[in-house]
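Participant: Could you have a look at this structure, given as structure tokens, before my questions?
Numbering (our numbering), first residue to last: 597 to 931.
Structure follows, in structure tokens:
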């Protein structure tokens, strides 16, 4: 049985709690939040036996039981110090996206993961879905053809929904919609392509907000493929889609997985038969995280993708601020 601490008991943490409840091999023994009423609510609703803490440092210094790992569901800029503190204490980490908000911090976490031998997974949803798993296998087997273009877009009422909250406070969020919901789209790009972005041109609009609300980017991958990204945060309709053009077919999915359509030269749509995983927590980062700690499988979104995303985001903001295309800092081959 793995003992975990859930750090952050806000709105998104409900989903994490619900998934962790479904996994028999783990137990949440500690809840941490700076608002005591929220930890009490989570204790009553999900984890009756968990200890409550107002301070993350206090929990690490004196946990209620032997800890194996932490699940971090906190504002973005807190991820780096909290993940680093856990790794240095010999704990595994599952962190909400984005892993961090600067490539410098991403590289420091990567080096710490290497040194400590502990696991760090990132809680993006799409790579854990059967559809993305199927696409990755087909890609690696050469069944999709040569990828030439990838495009993706997201529309969401993010600006209105996050007004007055920490997600629009740069000191806590590290960025706006591009680094929040947009991170899912960007990670899906890199996970599906399995290739780093080498150059990007980006524009964004704050729409009167302290952070970016709408953003667009054109990217070039190391293998020569190109992509376009449109991330909207001021639209009342939520929708997302990803299209991949290869030399043999068109593939349609979205940033959260869950759907997959393929069209070949005939124009006829094909929907691959994908056997579902019957585990109650299937398709979630939590089950993968627990199984990886137990040595049953590898992390699907390890620290590598946090490095790739942060390097891309650094370049996107730099490009938008300078008004020119920017080279993305190369990642080490060993990543």
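The beta carbon of each residue, even a glycine, is placed where N, CA and C say it ideally should be.
All values reported here derive from a predicted model rather than from experimental measurement.
For the alpha helix (DSSP H) holding residue 676, just list the boundary residues, first then last.
Facilitator: Within the chain shown, the letter at position 80 stands for residue 676. That run of the alpha helix (DSSP H) goes 675 to 684.
Participant: With a floor of 4 residues, list each alpha helix (DSSP H) that falls wholly inside the stretch 771 to 801, ordered by position along the chain.
Facilitator: Here the runs fully enclosed are 777 to 789.
Participant: Below 7 Å, is the gap between the Cβ of residue 632 and the nearest heavy atom of the ligand COA?
Facilitator: Absent from the structure shown: the ligand COA. Ligands present: none.
Participant: Can you tell me the Cα-Cα spacing of residue 603 and residue 880, whole angstroms?
Facilitator: Reading the chain shown from its first residue, position 7 is the one you call residue 603. Reading the chain shown from its first residue, position 284 is the one you call residue 880. Distance between the alpha carbons of residue 603 and residue 880: 18 Å.
Participant: Using the Cα positions of residue 787 and residue 705, report the straight-line distance between them to the nearest angstrom.
Facilitator: Your numbering for residue 787 matches position 191 in the chain shown. Your numbering for residue 705 matches position 109 in the chain shown. Whole-angstrom Cα-Cα distance: 19 Å.
Participant: For the structure I just gave you, are there three or more beta carbon pairs, one from the stretch 859 to 868 and one from the stretch 828 to 847, closer than 8 Å?
Facilitator: Contact between the stretch 859 to 868 and the stretch 828 to 847 is present, because at least three Cβ pairs lie under 8 Å.
Participant: Below 8 Å between beta carbons: does that hold for residue 779 and residue 905?
Facilitator: Residue mapping note: residue 779 aligns to position 183 of the chain shown, counting from 1. Residue mapping note: residue 905 aligns to position 309 of the chain shown, counting from 1. Yes, these two residues count as a Cβ contact at 8 Å.
Participant: Residue 917: which of 617, 801, 697 and 725 sits nearest, CA to CA?
Facilitator: Here residue 917 corresponds to residue number 321 of the chain shown, with the count starting at 1. For the residues 617, 801, 697 and 725, the minimum Cα distance to residue 917 belongs to 801.
Participant: Start and end of the alpha helix (DSSP H) containing residue 742?
Facilitator: For this step, residue 742 is matched to residue 146 along the chain shown. Residue 742 -> no alpha helix (DSSP H), and no H or E assigned at all.
Participant: Do you know whose CA, among 629, 764 and 791, lies nearest residue 822's CA?
Facilitator: Along the chain shown, one-based indexing puts residue 822 at 226. Checked all of 629, 764 and 791; the closest Cα to residue 822 is 791.
Participant: Per DSSP, residue 865 forms a beta bridge with which residues?
Facilitator: On the chain shown, residue 865 is found 269 positions in, with the first residue counted as 1. DSSP, once it has assigned bridges, lists 859 as partnering residue 865.
Participant: For residue 866, which residues of its own chain have a beta-carbon under 8 Å away from its beta-carbon, when the five flanking residues on both sides are left out?
Facilitator: Locating residue 866 in the chain shown gives position 270, counting from the first residue. Excluding sequence neighbours, residue 866 sits near 857, 858, 859 and 860.
Participant: Would you list the residues sitting across from residue 624 in a DSSP beta bridge?
Facilitator: In the chain shown, the residue the question calls residue 624 occupies position 28. Its beta-bridge partners are 600.
Participant: Pull up the CB-CB distance for residue 793 and residue 816, whole angstroms please, since I reckon it's below 8 Å.
Facilitator: Translated into positions along the chain shown, residue 793 becomes position 197. Translated into positions along the chain shown, residue 816 becomes position 220. So it is a contact: roughly 7 Å between Cβ atoms.
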